[in-house]
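Trainee: Have a look at this one.
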Amino acid sequence: MKTKRSGAGPRPRTGQGRDPEAARRRAEARRENAVTPRVRRPEEWPSRREFLTRAGVTGALTIATTYLWLAPEEWPLSLADPTGERGKPKRALFRLPSFRVDPPPGASALGIAHGKNHRAMLEMAIGAIGGITHFIRKGDVVLIKPNVAFDRPPQLGATTNPDVLRALVELVILAGAAEIRIADNPIESPESCFYKSGIQRVAQETGAKLHLPSPSAFEMLEVPGARLIERWPFFYAPFRGVDKVIGIAPVKDHNLCHASMTTKNWYGLLGGRR
Numbered sequence: 001m002k003t004k005r006s007g008a009g010p011r012p013r014t015g016q017g018r019d020p021e022a023a024r025r026r027a028e029a030r031r032e033n034a035v036t037p038r039v040r041r042p043e044e045w046p047s048r049r050e051f052l053t054r055a056g057v058t059g060a061l062t063i064a065t066t067y068l069w070l071a072p073e074e075w076p077l078s079l080a081d082p083t084g085e086r087g088k089p090k091r092a093l094f095r096l097p098s099f100r101v102d103p104p105p106g107a108s109a110l111g112i113a114h115g116k117n118h119r120a121m122l123e124m125a126i127g128a129i130g131g132i133t134h135f136i137r138k139g140d141v142v143l144i145k146p147n148v149a150f151d152r153p154p155q156l157g158a159t160t161n162p163d164v165l166r167a168l169v170e171l172v173i174l175a176g177a178a179e180i181r182i183a184d185n186p187i188e189s190p191e192s193c194f195y196k197s198g199i200q201r202v203a204q205e206t207g208a209k210l211h212l213p214s215p216s217a218f219e220m221l222e223v224p225g226a227r228l229i230e231r232w233p234f235f236y237a238p239f240r241g242v243d244k245v246i247g248i249a250p251v252k253d254h255n256l257c258h259a260s261m262t263t264k265n266w267y268g269l270l271g272g273r274r
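Numbered per my numbering, the sequence shown spans residues 1 to 274.
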C-alpha cells in the first residue's frame with residue numbers, strides 16, 4: 001500500500017545545501033566576473049571646446065539626415081521617393097529632330113483660302129505654299145497633331161474640325177504616305193475627347209492609327225538653352241519612326257492666351273503638371 005507524502009513544499013534535491021564551500025566559491029566567481037562601471041574623473045571630462053564641437057557635429061548630422069529624408073523629391077540630394085520612381089532606371093533624355101520643310105522658291109509662306117468646301121479650301125491653302133507633294137513624299141510615316149483637348153462636339157469649335165482633318169488625311173494618303181498617325185494629349189479623358197470630337201471616327205474610317213496617351217508613352221524632352229525649363233515630359237511614343245509632322249488646329253479665343261492657334265496646339269504634346 002502506497003502512502004502519500006504530506007506537506008506542500010517541493011522535495012529537496014539530493015545534496016542541496018550540503019556544500020557551503022562550493023557555494024562560497026561560486027559567489028566569489030560571480031563577484032570577480034562582475035563589471036564595475038568606471039566613473040570618469042573630472043580631469044577626464046571634455047573641455048568646453050570639445051563639447052561644443054561634438055554638439056555641433058551631432059546637430060549638423062541631425063539636420064542633414066532630416067533634410068535628406070524630408071526634402072521634396074525634386075530638391076538637390078533629397079532621398080525622398082513618394083512616387084517610387086527614384087530607384088527605377090532613368091530613361092535617357094532625348095531631343096526632337098527638326099521636321100521643318102521650307103516652301104519651295106517662289107511659294108508663299110502662308111496659304112489663305114475662303115469658301116465652304118473643306119477639301120477644296122485645304123487644297124487651295126496647301127497649294128499656295130507648295131502643294132502637298134512638296135511636303136509629303138512616298139513612303140513617309142506622317143504624324144498629324146489635331147487639337148482634341150476637350151470632350152466637346154465639333155459644332156462648338158473647341159477642337160479640330162473632323163471634316164478638315166479627314167480632308168488632310170486623304171491628301172496625305174494621295175501623296176503616298178506609308179502610315180498616318182493621329183495623336184494628342186487631351187486635358188480631359190482621352191477616350192471621351194477623341195470620341196465626342198469626331199476625331200476617332202475619322203481615324204477609323206481613313207485607316208489612320210490613333211495614339212492615345214499613357215504613362216509609358218512619355219519621355220523626358222531636353223531643350224538646350226531654354227531660359228526657364230530645359231527638361232519636361234513629352235508625348236513621344238507617336239513620334240517614334242516618324243518622317244513628317246503636321247499640326248492642324250482650330251483658331252479660337254483663349255481665356256489666358258487670348259488666342260489659341262497653331263503654336264499653342266503643340267502644347268498638347270506636353271505631359272507633367274502643365
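Quick reminder that beta carbons are idealized off the backbone N, C-alpha and C, glycines included.
1) Residues in the same chain with beta-carbon distance under 7 Å from G297, minus the five sequence neighbours each way, listed in chain order, please.
2) Strictly by DSSP, which residues pair up with I246?
3) Is the region 222-239 touching the region 151-160 in the sense that three or more CB pairs, one from each, lie closer than 8 Å?
4) Check whether the Cβ atoms of R119 and A183 sit closer than 8 Å, and answer yes or no.
5) Within 10 Å of its beta-carbon, does N117 have 16 or more other beta-carbons around it, so buried, or fewer, so exposed?
6) Whose C-beta lies closer than 7 Å to the C-beta of E50 among residues of the same chain, with five residues either side of it excluded?
7) Tell me whether S197 is buried or exposed, calling it buried when 16 or more other Cβ atoms sit within 10 Å of its Cβ.
8) Can you check which of these residues, P76, A80, L212, is closest to G268 by C-alpha distance?
9) Please classify Q318 as buried or exposed, where buried requires at least 16 other C-beta atoms within 10 Å of its C-beta.
10) What are the uninterrupted segments assigned as beta strand (DSSP E) that are 3 or more residues long and contained completely in the region 204-264, given in chain order?
11) Classify M1 as buried or exposed, calling it buried when 16 or more other Cβ atoms lie within 10 Å of its own Cβ.
12) If you compare alpha carbons, which of S47, P215, T66 is closest to A237?
13) With DSSP run on the structure shown, which of helix, strand or coil describes T179?
14) Note down the Cα distance separating L68 from N255, rounded to an integer number of angstroms.
15) If you follow the alpha helix (DSSP H) that G111 is in, where does it begin and where does it stop?
16) Alpha carbon to alpha carbon, what distance is there between P104 and K283?
17) Identify which residue in L171, T206, V142, E219 has its Cα closest to the Cα of R181.
Mentor: From the atom records:
1) Any answer about residue 297 is impossible in this case: the structure gives the chain only from 1 up to 274.
2) I144
3) no
4) no
5) exposed
6) none
7) buried
8) L212
9) In the structure as shown, the chain begins at 1 and stops at 274. Residue 318 is therefore absent and cannot be evaluated.
10) 209-211, 218-222, 231-235, 244-248, 252-254, 258-260
11) Note that M1 scores a pLDDT of 48, beneath 50, so its modelled location is shaky; the value from the coordinates is reported in the next line. Exposed: under 16 other Cβ atoms inside 10 Å.
12) P215
13) Per the sequence shown, residue 179 should be read as Glu rather than Thr. If DSSP states are grouped into helix, strand and coil, E179 belongs with the strands.
14) 41 Å
15) Premise fails: G111 is in no alpha helix (DSSP H) and is neither H nor E.
16) The structure shown does not extend to residue 283, since the chain is modelled only from 1 through 274, so no value can be given for it.
17) V142
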